[in-house]
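Everything on this sheet refers to the single structure shown next.
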Amino acid sequence: MKTKKIAIVSDHAGFYLKEKLVAFLMKEKYEFRDFGCSTPEIVDYPDYGHSMATAVASGEFDL
Numbered sequence: 001m002k003t004k005k006i007a008i009v010s011d012h013a014g015f016y017l018k019e020k021l022v023a024f025l026m027k028e029k030y031e032f033r034d035f036g037c038s039t040p041e042i043v044d045y046p047d048y049g050h051s052m053a054t055a056v057a058s059g060e061f062d063l
């Protein structure tokens, strides 16, 4: 069975939830990439979402 590659991203509003998800994925040894944001400071989602969407569209990630 092929392991799915997971891409995750959030803006400032989802930062703390994303951090919990990252901790879970690391604990369970999932293959993933966190595209940001890396702090709870206010950011514009498209600045981070675009890079993740591009990677998913290119086939680099499955989810």
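Residue numbers (my numbering): 1 to 63.
No residue lacks a Cβ here, since even glycine has one placed at the ideal position from N, Cα and C.
Every value quoted in this text rests on a predicted model; they were computed, and no experiment measured them.
Would you call residue i buried or exposed, if buried means 16 or more other Cβ atoms sit within 10 Å of its Cβ?
{"i": "Y16", "result": "exposed"}
{"i": "S58", "result": "exposed"}
Inspect the beta-carbon positions of residue i and residue j and report whether they are closer than 7 angstroms.
{"i": "V56", "j": "A7", "result": "yes"}
{"i": "F35", "j": "S51", "result": "yes"}
{"i": "K5", "j": "D62", "result": "yes"}
{"i": "C37", "j": "Y30", "result": "no"}
{"i": "H12", "j": "P46", "result": "no"}
If you follow the beta strand (DSSP E) that residue i is in, where does it begin and where does it stop?
{"i": "D34", "result": "F32 to D34"}
{"i": "A13", "result": "Run containing A13: none; DSSP gives neither H nor E here."}
Name the two residues that bound the continuous alpha helix (DSSP H) containing residue i.
{"i": "A57", "result": "Y45 to A57"}
Since residue i sits in a beta bridge, which residues does DSSP pair it with?
{"i": "A23", "result": "None, per the DSSP bridge assignment."}
{"i": "I6", "result": "F32"}
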